[in-house]
Each structure stands twice: as C-alpha cells, then as structure tokens.
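Following: one structure in structure tokens, then a few remarks.
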Amino acid sequence: MSAPTATSPAQPQAHAGGPIVRPPSVPAIVTGTVRHVRRRPVHRAFAYRVYQWLVDLDDLPEMSGLWSALASFRSSDHLGDPARSIRDNLTTYASTEGVDLAGCR
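Here the working numbering is used: the first residue of the sequence shown is 6, the next is one more, and so on.
Pasting the structure below:
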C-alpha cells in the first residue's frame, strides 16, 4: 500500500534524506492505493484506492448525526478484548509481536 496522504495538504519539512510530511491533524481521512501483481501462472494486476481514518487512539472522535450511521470506533469492531480500549488491545497485540509502544502517541 502506498503511503497515506491527507485529504488536506500537509507541509513538507526539510530533511537530509528528503522531505518529511507532517501528519494531518486528527481525526482525518487519509487515502492510499493498494496494488497487487501476480506474474504466475497468469499475469494479473490490480490497484484500487482506499480510504482510512487517522485517529488519536487516546482521544477517539465522537460521531454524531449522519456520521454515526457511517462510522464508529468500538473495540468490538477491532482486535482483542471488546471490554478493553482499542489502544490497550493494540498495545497488547504489538507486544506479542515484539513491538514496544510504551510512550507512543
């Protein structure tokens, strides 16, 4: 998947290895492209756009009105224990994969 880009433009910053793009303010909808190529036994390729929410897991947005019918952020819709927060479930999962998220935002 290509790097996500914000629906509102971010300002690049100077960096020795090239520009760094500041993440957009959250919550935001970010876009990307999923690409897949299979060369055998028959060559097949596809690409399609994806849209994802970028949210602060410590401050999930409250959806109201029309948005509440289209989007929500519930632990039961994601990995782990539905009684725990999405953030806690993600931290636990990352830990089982050897990734320490302590202090991350």
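Note that CB positions come from ideal geometry on N, CA and C, so glycine has one too.
| Query | Result |
| --- | --- |
| Out of ALA99, ALA76 and PRO24, which has the shortest C-alpha to C-alpha gap to TRP58? | ALA76 |
| Consult DSSP for ALA88 and reduce its assignment to one of helix, strand or coil. | coil |
| Name the one or two DSSP bridge partners that PHE51 has. | HIS41 |
| Classify ILE25: buried if its beta carbon has 16 or more other beta carbons within 10 angstroms, exposed otherwise. | exposed |
| Excluding the five sequence neighbours on either side, which residues of its own chain have a C-beta within less than 7 Å of the C-beta of VAL31, listed in chain order? | LEU59, VAL60 and ASP61 |
| Less than 7 Å between the C-beta atoms of TYR56 and ILE91, yes or no? | no |
| I need the boundaries of the alpha helix (DSSP H) containing LEU75, first residue and last residue. | 71–75 |
| Could you check which residue in SER69, ALA74, ASP63 and ARG49 has the C-alpha nearest to that of CYS109? | ASP63 |
| Which residue or residues does DSSP assign as beta-bridge partners of LEU59? | ALA33 |
| Measuring straight from C-alpha to C-alpha, what distance separates PHE78 and GLU102? | 23 Å |
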